[in-house]
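All remarks here apply to the structure that follows.
There are 2 protein chains.
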Amino acid sequence: MRHHKTVEFIAIGDELLIGLRSNGHLTFIGEQLARRGLRLSSAGEVPDHPDAIRRAFSEAWSRADLVLVSGGLGPTSDDLTCEVIASALGRDIEHNTGVESDIREFFKRRNRVPSANNFKQCSIIAGAEPLRNPNGTAPGQWYSDGNGRIAVLLPGPPNELNPMFLDQVLPRLESLGWVETGSKELEFRSMGIGESLVAEKLEPLLEPHKGLVQIAYCAHAGMIDVRLNAIDESFQPEQLRTLAENCRDVLGEAFLGYGQPDPAELILNRLRANGQTLATAESCTGGLLSSRFTDISGASKVFMGGLVCYRNEAKESMLDLPGCLLEQHGAVSAECAAAMATAVAERMEADFALSVTGFAGPDGGREPAGTVYIGYHSPCGIWSRKEVFPGNRAQVKERAVLAALNFMRLQLMRNEVPDMIESVK
Amino acid sequence: MRHHKTVEFIAIGDELLIGLRSNGHLTFIGEQLARRGLRLSSAGEVPDHPDAIRRAFSEAWSRADLVLVSGGLGPTSDDLTCEVIASALGRDIEHNTGVESDIREFFKRRNRVPSANNFKQCSIIAGAEPLRNPNGTAPGQWYSDGNGRIAVLLPGPPNELNPMFLDQVLPRLESLGWVETGSKELEFRSMGIGESLVAEKLEPLLEPHKGLVQIAYCAHAGMIDVRLNAIDESFQPEQLRTLAENCRDVLGEAFLGYGQPDPAELILNRLRANGQTLATAESCTGGLLSSRFTDISGASKVFMGGLVCYRNEAKESMLDLPGCLLEQHGAVSAECAAAMATAVAERMEADFALSVTGFAGPDGGREPAGTVYIGYHSPCGIWSRKEVFPGNRAQVKERAVLAALNFMRLQLMRNEVPDMIESVK
Chain Y
933 MRHHKTVEFI AIGDELLIGL RSNGHLTFIG EQLARRGLRL SSAGEVPDHP
983 DAIRRAFSEA WSRADLVLVS GGLGPTSDDL TCEVIASALG RDIEHNTGVE
1033 SDIREFFKRR NRVPSANNFK QCSIIAGAEP LRNPNGTAPG QWYSDGNGRI
1083 AVLLPGPPNE LNPMFLDQVL PRLESLGWVE TGSKELEFRS MGIGESLVAE
1133 KLEPLLEPHK GLVQIAYCAH AGMIDVRLNA IDESFQPEQL RTLAENCRDV
1183 LGEAFLGYGQ PDPAELILNR LRANGQTLAT AESCTGGLLS SRFTDISGAS
1233 KVFMGGLVCY RNEAKESMLD LPGCLLEQHG AVSAECAAAM ATAVAERMEA
1283 DFALSVTGFA GPDGGREPAG TVYIGYHSPC GIWSRKEVFP GNRAQVKERA
1333 VLAALNFMRL QLMRNEVPDM IESVK
Chain S
933 MRHHKTVEFI AIGDELLIGL RSNGHLTFIG EQLARRGLRL SSAGEVPDHP
983 DAIRRAFSEA WSRADLVLVS GGLGPTSDDL TCEVIASALG RDIEHNTGVE
1033 SDIREFFKRR NRVPSANNFK QCSIIAGAEP LRNPNGTAPG QWYSDGNGRI
1083 AVLLPGPPNE LNPMFLDQVL PRLESLGWVE TGSKELEFRS MGIGESLVAE
1133 KLEPLLEPHK GLVQIAYCAH AGMIDVRLNA IDESFQPEQL RTLAENCRDV
1183 LGEAFLGYGQ PDPAELILNR LRANGQTLAT AESCTGGLLS SRFTDISGAS
1233 KVFMGGLVCY RNEAKESMLD LPGCLLEQHG AVSAECAAAM ATAVAERMEA
1283 DFALSVTGFA GPDGGREPAG TVYIGYHSPC GIWSRKEVFP GNRAQVKERA
1333 VLAALNFMRL QLMRNEVPDM IESVK
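Read top to bottom, the protein sequences are chains Y and S. Our numbering puts the first sequence at residues 933 to 1357. Our numbering puts the second sequence at residues 933 to 1357.
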């Protein structure tokens, strides 16, 4: 196994230590590096205090090949990162004319005048290379000590850090040969079965590659993201692809797609390809299902609209559901779910309709909280399905939406468009 | 200023370093401690590897009074925390009969049989006190070295860690006098104005208390959470309350409430108190606004339902909006927003209605992407309002929903129920 470089990441900011903000940079950077075969060997959060920054940086610098630091590069007096790290490296800070002209340009484009504070940001560690920041005033910094050790300073706001990391840091690491250019990682998503069942299906496939490939699972409500990581140099990208194809085959219908596909988008894409339309009728999910569909850009080609008939009066008046049906079976029933789907398809003149009715909790009714019925109307027929979810109100809503999407996805695969599973890219 | 204890937190888990999971424990523990006057002096994430765990723990142990560790207490072979930390402390691990009977009881209640692995979890650091885990099998551990230093081991799953921290760790810290019993922290939320304007209004009030009170801001889309923290022993809870009341006064209408109030809940509570009802009509927000209202438990007392009329056909057929209005002004217009609100109020027989229509992006229409009109129908009259939001599709949706909620909140305050601002608890 090739010697991997050791990388540490330090995030600076009081807000990270008092629970005001989570360290999203760690998730972002950790994932980007892992995709390219490099793993963070540790990470840390320190407050905006010079002693804490100096200690954390010096420790990391003493043992890592690459130290990434985020935050504390702003224009105000509590932004200390540059000075403290320069001093820890035994370097001065010096004015950089390239950065100054970037900052002047930044303000000119916005018809604003820079303050004296902003020009403080023109100073960088002596010998460091500035990383341009098209989305803010603080430049990043790339410092190499000439002995193979590198420190990188990145601005705190995600809309500045993320593109700078992708466009300027990763390419430099690539040209040093510290990260893989081809992907050593492959990700796919399953839907409709739990993490333990996914693991049970996949582990036998991984057994022969022990020590060569690592697998990691991340469970969302109703979906499991699986990441395969080739941890040994000898394991080739083609082998990784073959392994992923095998995983897809054993997962069968539960395999949603490579990457992190969105089930609502898969459904809309299929319907759009056939020139078909969709409507929704919701009770307990309260609009969350239709919001999912309208999250997709271009949804209006397919999605006609939805009805949130939260109270029974609305079910009767907006969908013309017969009062006797609601009385006989209750609004939370397979019969009502099916009737809602068919009625909204008719009212909105849509080819397909998906409906959800249930008890989101904390209180139940004829059935306990968490009981949900899904209705599905399609040119091939009408189906409904019962689900019972654990969790609080928000969790039940979220799970019901995902179950409805999965139900429609499976019905489409089984009955109308069986080729929903794509091949690996 | 009293000497505060230094506290460090170490989270163990590969998934934290490859971007599969964010370190939610840090946010939780950081906030809980800060509320009680104790701040994490730093935090870190390390992989499930004995050397990494040992190094991180030993460093923290050498400089902190309290070291909190989460994760790696499970029953499988890669759960190493207990062994590694015992060895770093120079202690053995030993079987604990209390833990064993808890584990047997845990499985008995679930009609399951513990595996041999589970009994590994009966062993804890010699001299440590087990912290009972009603929600899982891994006990927490509280280890005191007899010289005023404490190490606490906590299980990784949030539903196990959180109650254990609140019910067993905090009370022990309280009885040691390491955390405040009264709150040294006060939080409130503002809505409708940006972070820099909030800061500009509040900073003069804080100036006289420099060094005694710290202020922290956390911006969400459309809302700013402000936390006041008494960092000096001499600053009393009453003074903090007075300061917060003054902040409320200068923020005026922008002050949403103490704590983290939900604007949808404030609106529903006010309407419920008057026995009034609400409906929504949405275009670009696609159901996200109605979903917000139905997130609130008991919403069905007030919220009749909503209509997602995503395509113009749906606006005409479901709301009987005249085609000529859509043609003359366009679906994204003040006129259409007002007509949608009034029409849905009539169709759903609701006293109040809130509507949103706009271009969520990436494409615009007659106006650029991000242009949104809000319509509001109430017994006092009909209003509409134009907003233009930056950001991608999801951000525009989210901001439009919050702007609609804020618009309704302000209209209610100004025109119907002027006492929406509550006094500090």
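Idealized CB from N, CA, C, for every residue including glycine.
From which residue to which residue does the alpha helix (DSSP H) around residue i run?
i: Gly1255 (chain Y); result: Gly1255 to His1261
i: Lys1358 (chain Y); result: With chain Y represented from 933 up to 1357, any question about residue 1358 (chain Y) goes unanswered, as that position is not in the structure.
i: Ile1017 (chain Y); result: Thr1013 to Ala1020
i: Ala1341 (chain S); result: The question names Ala, but residue 1341 (chain S) is Arg in the sequence shown. That run of the alpha helix (DSSP H) goes Arg1325 to Gln1343.
i: Cys1268 (chain Y); result: Ala1266 to Met1280
i: Gly962 (chain Y); result: Gly956 to Arg967
i: Thr1226 (chain Y); result: Leu1220 to Thr1226
i: Lys924 (chain S); result: Residue numbering for chain S in the displayed model covers 933 to 1357; residue 924 (chain S) lies beyond these limits and cannot be assessed.
i: Glu1197 (chain S); result: Pro1195 to Ala1205
Provide the residue(s) that pair with residue i in DSSP beta bridges, ordered along the chain.
i: Met1096 (chain S); result: In the DSSP output, where bridge partners are listed per residue, Met1096 (chain S) has none listed.
i: Lys1318 (chain S); result: S:Tyr1305
i: Glu1026 (chain S); result: S:Ile1056
i: Asn1161 (chain Y); result: Y:Glu1117 and Y:Gln1146
i: Ile1082 (chain Y); result: Y:Leu998 and Y:Ser1076
i: Cys1241 (chain Y); result: S:Gly1237
i: Ile944 (chain Y); result: Y:Val978
i: Phe1187 (chain Y); result: Y:Ser1122
i: His1152 (chain Y); result: Y:Met1155
i: Val1111 (chain S); result: Val1111 (chain S) pairs with nothing; no bridge assigned.
i: Phe1284 (chain Y); result: Y:Leu1210
i: Gly1290 (chain Y); result: Y:Val1304
Pop quiz: residue i and residue j are said to be a contact at Cβ under 8 Å. What is the actual Cβ separation, rounded to whole angstroms?
i: Leu1258 (chain S); j: Ala1336 (chain S); result: Contact doesn't hold; Cβ gap of about 20 Å is too wide.
i: Ala1213 (chain Y); j: Val1145 (chain Y); result: Actually they are not in contact, since the Cβ atoms of Ala1213 (chain Y) and Val1145 (chain Y) sit about 45 Å apart, beyond 8 Å.
i: Met1236 (chain S); j: Glu1245 (chain Y); result: 7 Å
i: Glu1026 (chain Y); j: Ser1055 (chain Y); result: 6 Å
i: Ala996 (chain Y); j: Glu940 (chain Y); result: 4 Å
i: Ser1232 (chain Y); j: Arg1243 (chain S); result: 6 Å
To which residues of the same chain is residue i closer than 7 Å at the C-beta, ignoring the five residues directly before and after it?
i: Leu1105 (chain S); result: Val1111
i: Lys1052 (chain S); result: Pro1007
i: Ala943 (chain Y); result: Asn955, His957, Leu958, Glu977, Ser1002 and Gly1003
i: Gly1068 (chain Y); result: Pro1087, Pro1089 and Glu1092
i: Ala1131 (chain Y); result: Tyr1149
i: Phe1039 (chain S); result: Val1045 and Pro1046
i: Trp1315 (chain Y); result: Tyr1308 and Gln1343
i: Ala966 (chain S); result: Glu1117 and Asn1161
i: Pro1322 (chain Y); result: Gly1302
Which residues in the same chain have their Cβ closer than 8 Å to the Cβ of residue i, if we skip the five residues on either side of it in sequence?
i: Pro1350 (chain S); result: Note that Pro1350 (chain S) scores a pLDDT of 48, beneath 50, so its modelled location is shaky; the value from the coordinates is reported in the next line. Excluding positions up to five away in sequence, the list is empty.
i: Leu1251 (chain S); result: Ala1213, Leu1239, Cys1241, Ala1271, Met1272, Ala1275, Val1276 and Arg1279
i: Ile1353 (chain S); result: Confidence in Ile1353 (chain S) is poor, its pLDDT being 48 and thus under 50, which makes the residue's placement unreliable; the coordinate value appears in the next sentence. Answer for Ile1353 (chain S): Arg1180, Phe1187, Gly1189 and Met1345, listed in chain order.
i: Leu1203 (chain S); result: Thr1209, Leu1210, Val1234, Asp1283 and Phe1284
i: Ala1176 (chain S); result: Leu1118, Phe1120, Leu1160, Tyr1190 and Val1356
i: Gln1192 (chain S); result: Glu1119, Arg1121 and Asp1157
Sorted by chain position, which residues of the same chain lie with C-beta nearer than 6 Å to residue i's C-beta, five sequence neighbours on each side aside?
i: Arg986 (chain Y); result: Val1016 and Ala1020
i: Glu947 (chain Y); result: Arg953
i: Gly962 (chain Y); result: Leu972
i: Arg1317 (chain S); result: Ile1306 and Phe1339
i: Thr892 (chain Y); result: There is simply no residue 892 (chain Y) to check, as chain Y begins at 933 and stops at 1357 in what is shown.
i: Val1360 (chain Y); result: It is not possible to answer for residue 1360 (chain Y), since the shown part of chain Y is limited to 933 through 1357.
Determine the extent of the beta strand (DSSP E) in which residue i is found, giving its start and end residues.
i: Pro1062 (chain Y); result: Glu1061 to Leu1063
Check whether the Cβ of residue i lies closer than 8 Å to any Cβ atom in chain C.
i: Met1123 (chain Y); result: Considering every chain present, this structure includes no chain C. Its protein chains are Y and S.
With 9 Å as the C-beta to C-beta threshold (strictly closer), list the residues of the segment 948 to 965 of chain S near chain Y in chain order. Within the segment 948 to 965 of chain S, the residues whose Cβ lies closer than 9 Å to some Cβ of chain Y are Leu948, Leu949, Ile950, Gly951, Leu952, Arg953, Ser954, Asn955, Gly956, Leu958, Thr959, Phe960, Ile961, Gly962, Glu963, Gln964 and Leu965, listed in chain order.
Interface residues of the segment 1234 to 1260 of chain Y facing chain S [CB-CB below 9 Å]: Interface annotation for the segment 1234 to 1260 of chain Y against chain S: Phe1235, Met1236, Gly1237, Gly1238, Leu1239, Val1240, Cys1241, Tyr1242, Arg1243, Glu1245, Ala1246, Lys1247, Ser1249 and Met1250, criterion Cβ-Cβ distance under 9 Å.
Please list, in chain order, the residues of the segment 1289 to 1300 of chain Y that have any C-beta partner in chain S closer than 9 Å. When CB distances to chain S are screened at a threshold of 9 Å, the residues of the segment 1289 to 1300 of chain Y falling below it are Ala1292, Gly1293, Pro1294 and Asp1295, in chain order.
Closer than 9 Å between beta carbons: that is the criterion. Which residues of the segment 984 to 1008 of chain Y meet it against chain S? Considering only beta carbons, the part of the segment 984 to 1008 of chain Y lying closer than 9 Å to chain S consists of Ala984, Arg987, Ala988, Glu991 and Arg995, in chain order.
Residues of the segment 1199 to 1221 of chain Y with Cβ closer than 9 Å to any Cβ of chain S, in chain order: Taking 9 Å as the Cβ-Cβ cut-off, the segment 1199 to 1221 of chain Y approaches chain S at Thr1209, Ala1211, Thr1212, Glu1214, Ser1215, Cys1216, Thr1217, Gly1218, Gly1219, Leu1220 and Leu1221, given in chain order.
Relative to chain Y, which residues along the segment 1155 to 1187 of chain S have a C-beta separation below 9 Å, given in chain order? Those residues of the segment 1155 to 1187 of chain S that come within reach of chain Y (Cβ to Cβ, closer than 9 Å) are Asp1157, Arg1159 and Asn1161.
Using a Cβ-Cβ cut-off of less than 9 Å, give me the residues of the segment 1139 to 1152 of chain S that come near chain Y, in sequence order. So the list reads Gln1146, Ala1148, Tyr1149 and Cys1150, given in the order they occur along the chain.
Please list, in chain order, the residues of the segment 1077 to 1108 of chain S that have any C-beta partner in chain Y closer than 8 Å. Of all residues in the segment 1077 to 1108 of chain S, none has a Cβ within less than 8 Å of some Cβ in chain Y.
If contact means a Cβ-Cβ distance below 7 Å, which residues of the segment 1320 to 1333 of chain Y contact chain S? Flagged, chain order: Arg1325 and Ala1326.
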